[in-house]
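Q: There's a structure below that I have some questions on.
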Amino acid sequence: MGSRAAVQDPHRPLGEPEDIARAVTFLLSDAASLITGHTLTIDGGYTIR
Numbered sequence: 001m002g003s004r005a006a007v008q009d010p011h012r013p014l015g016e017p018e019d020i021a022r023a024v025t026f027l028l029s030d031a032a033s034l035i036t037g038h039t040l041t042i043d044g045g046y047t048i049r
């Protein structure tokens, strides 16, 4: 899938596993204590198109 995504938008770098790790780290932190029932989409802005 990664190569297909790169072909669809060759100007945007593909995400890395660290991008997901940062989101998980945030959600496990006290800073996210009031976040409930939300879908966190991590796609580099792809769904905005």
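Counting in UniProt numbering, the sequence shown tops out at residue 49, every number present. Note that CB positions come from ideal geometry on N, CA and C, so glycine has one too.
Rounded to whole angstroms, what is the Cα-Cα separation between His-38 and Ala-32?
A: Position 38 of the sequence shown holds residue 38. Position 32 of the sequence shown holds residue 32. Spanning the two alpha carbons is a distance of roughly 11 Å.
Q: How about Ala-23 and Leu-34: do their beta carbons lie closer than 7 Å?
A: In the sequence shown, the residue the question calls residue 23 occupies position 23. In the sequence shown, the residue the question calls residue 34 occupies position 34. Contact flag unset, no.
Q: In three-state DSSP terms, what is Leu-28?
A: Numbered from 1 along the sequence shown, position 28 holds the residue referred to as residue 28. In this structure, Leu-28 counts as helix in the three-state DSSP scheme.
Q: Are the beta-carbon atoms of Gly-44 and Gly-15 separated by less than 7 Å?
A: For the purposes of this step, residue 44 is identified with residue 44 of the sequence shown, where counting begins at 1. For the purposes of this step, residue 15 is identified with residue 15 of the sequence shown, where counting begins at 1. Between Gly-44 and Gly-15, the CB-CB gap stays under 7 Å.
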